[in-house]
Amino acid sequence: MAVTRGQTAVTSGSNSTRSVPSRVVPPVELPADPDRLAREAAARLGWDGVVLPHRKLFGRHVSVVARLRSEAHAERIAIGVEPVTDRATVATWTWPELAPTAPPAAVRVVGVLAVARHWRTGMAAAVPFARYGEAAMVLPTSAALSHDYVDNCLPRARAYGLGVVTADEDVTMELDLASRVDRITLGEDPVSRWINEMAYEQLLALEAPAPAE
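Following full-length UniProt numbering, the numbering of the sequence shown begins with 1 at its first residue and continues without gaps.
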């Protein structure tokens with residue numbers, strides 16, 4: 001005969017016990033693929049640019065929203081400098097002795113989006129990019145229905161200047177928190193130049209013409 005005490009089942013004639021979970025919580029799922037969620041979120045945030053395909057940058061899965069700088073792009077074509085994705089090479093462009101001859105940044109990064117199932121994952125992905133400009137995270141609505149989200153996520157996102165967008169099962173977007181543009185950000189450095197080159201490469205790889213400025 002088996003006797004259950006709390007969450008532990010004890011079997012007669014045996015010293016063995018086994019744990020019986022009281023509740024199984026299904027994992028939170030994204031309501032659509034990350035690329036679609038990023039496109040919808042960028043529109044909800046009012047970010048005017050091309051939402052580039054989801055990719056990994058610095059070990060974080062993000063979507064960059066960018067616009068082509070037509071004059072700088074034309075100059076790059078004239079001098080024969082295509083996108084450069086080697087970080088060591090790009091880092092030299094910020095050296096004082098090489099900065100005057102470095103190729104111009106051919107895109108403007110409008111913002112960076114992190115699509116995640118949980119706000120902690122999204123925040124870890126988005127915060128490093130908030131040092132250079134606008135950044136936001138996209139979460140399933142179900143992940144926002146908790147005291148943890150209200151008490152911990154939103155205050156921290158506000159402190160970092162992150163935007164927060166939630167998507168329900170019909171991919172209807174709600175802007176829970178707008179990203180801040182009135183904060184101090186870092187100037188151009190090797191990291192921002194490399195991100196710019198990666199976005200430039202993705203923009204040129206698209207078949208459709210990219211919005212320019």
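All residues carry an ideal CB built from backbone N, CA and C; glycine is no exception.
Predicted, not measured: the structure shown is a model, and the values here were computed from it.
Residues of its chain near residue i, where Cβ-Cβ distance is below 7 Å and the 5 sequence neighbours each way are ignored
i, result
"E169", "P31"
"T185", "R131, Y132 and G133"
"E197", "P83, V84, T85 and V90"
"L57", "I195 and M198"
From the options, residue whose alpha carbon lies closest to that of residue i
i, options, result
"D150", "T85, W119 and V90", "Note that residue 150 is Val in the sequence shown, not Asp. Closest option to V150, Cα to Cα, is W119."
"A114", "E97, L154 and A125", "A125"
"A88", "L204, L206 and D189", "D189"
"R117", "P140, P104 and G187", "P140"
"V191", "A38, D148 and W95", "W95"
"R67", "Y160, T101, L98 and V112", "V112"
"L204", "R69, I79 and A99", "R69"
"R60", "A42, T101 and M123", "M123"
Simplified DSSP assignment, three categories, for residue i
i, result
"S70", "helix"
"R60", "strand"
"A114", "strand"
"E174", "strand"
"S22", "Confidence at S22 is low in this model, with a pLDDT of 48, below 50, so the placement of that residue should be treated as unreliable; the coordinate-derived value is given next. Here S22 sits in coil by DSSP."
"R87", "helix"
"V28", "coil"
"R108", "strand"
"R55", "strand"
"V191", "helix"
Proximity of residue i and residue j at Cβ, strictly below 8 Å
i, j, result
"W93", "R193", "yes"
"A167", "V138", "yes"
"E174", "V181", "no"
"V109", "V64", "yes"
"S142", "V28", "yes"
"G163", "A144", "no"
"D33", "P53", "no"
"V50", "F129", "no"
"S179", "L37", "no"
"E71", "V171", "no"
First through last residue of the alpha helix (DSSP H) which encompasses residue i
i, result
"T166", "Taken as a continuous stretch (DSSP letters only), T166 belongs to no alpha helix (DSSP H), being part of the beta strand (DSSP E) at G163 to A167."
"P140", "Counting along the chain, P140 falls outside any alpha helix (DSSP H), though it belongs to the beta strand (DSSP E) covering E134 to P140."
"S146", "Premise fails: S146 is in no alpha helix (DSSP H) and is neither H nor E."
"T121", "W119 to A130"
"D35", "P34 to L45"
"R180", "No alpha helix (DSSP H) contains R180, which DSSP labels as neither H nor E."
Residues of its chain near residue i, where Cβ-Cβ distance is below 8 Å and the 5 sequence neighbours each way are ignored
i, result
"L154", "V164, D176 and L177"
"L98", "T92"
"I79", "P103"
Chain-order list of residues whose beta-carbon lies under 6 Å from that of residue i (same chain, five-residue window excluded)
i, result
"H73", "A106"
"P103", "R76 and V81"
"Q202", "L52"
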